[in-house]
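Here our numbering is used: the first residue of the sequence shown is 9, the next is one more, and so on.
Glycine is no exception: its CB is placed at the ideal position from the N, C-alpha and C atoms.
Below is one structure, written out as structure tokens, with a few remarks after it.
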Amino acid sequence: MSLPDEYQRVRVEVAGAAAALDPDRAEAIARSLDGYQQAQALGEVAKAVTEIDPDRARRCLAEALTGDSWMEVLPAVVRLEPQAVIRAVDALAI
């Protein structure tokens, strides 16, 4: 792993860890990342704030789901909105 990749990975972890204590800062860190790492970090923020700020969690998940790495945040979607996942699967007839 290159140094820039390692730096990005650490920032994802920092965003997740900081979310419960300082959601604004954690979200800012997540948004400073690109692509896959941003989706991961937004998912981590969403997981951390689901109970204390469900609106922020939904917003972070919605943004993460619009990117190329949407599968990375599915566990957070299941945790925040399990019925939405069930309805989506039913609608797709999977």
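So, are the CB atoms of residue i and residue j less than 7 angstroms apart?
| i | j | result |
| --- | --- | --- |
| residue 88 | residue 72 | no |
| residue 84 | residue 100 | no |
| residue 93 | residue 86 | yes |
| residue 80 | residue 48 | yes |
Can you tell me the Cα-Cα spacing of residue i and residue j, whole angstroms?
| i | j | result |
| --- | --- | --- |
| residue 75 | residue 38 | 13 angstroms |
| residue 54 | residue 62 | 8 angstroms |
| residue 27 | residue 56 | 6 angstroms |
If we count the other Cβ atoms within 10 Å of its Cβ and call it buried at 16 or more, is residue i buried or exposed?
| i | result |
| --- | --- |
| residue 29 | exposed |
| residue 18 | exposed |
| residue 91 | exposed |
Quick check on residue i - is its C-beta less than 7 angstroms from some C-beta in chain B?
| i | result |
| --- | --- |
| residue 54 | The structure shown has no chain B; it contains just one protein chain. |
If you drop the 5 nearest sequence neighbours on each side, which residues of the same chain put their C-beta closer than 8 angstroms to that of residue i?
| i | result |
| --- | --- |
| residue 58 | 65, 84, 87 and 88 |
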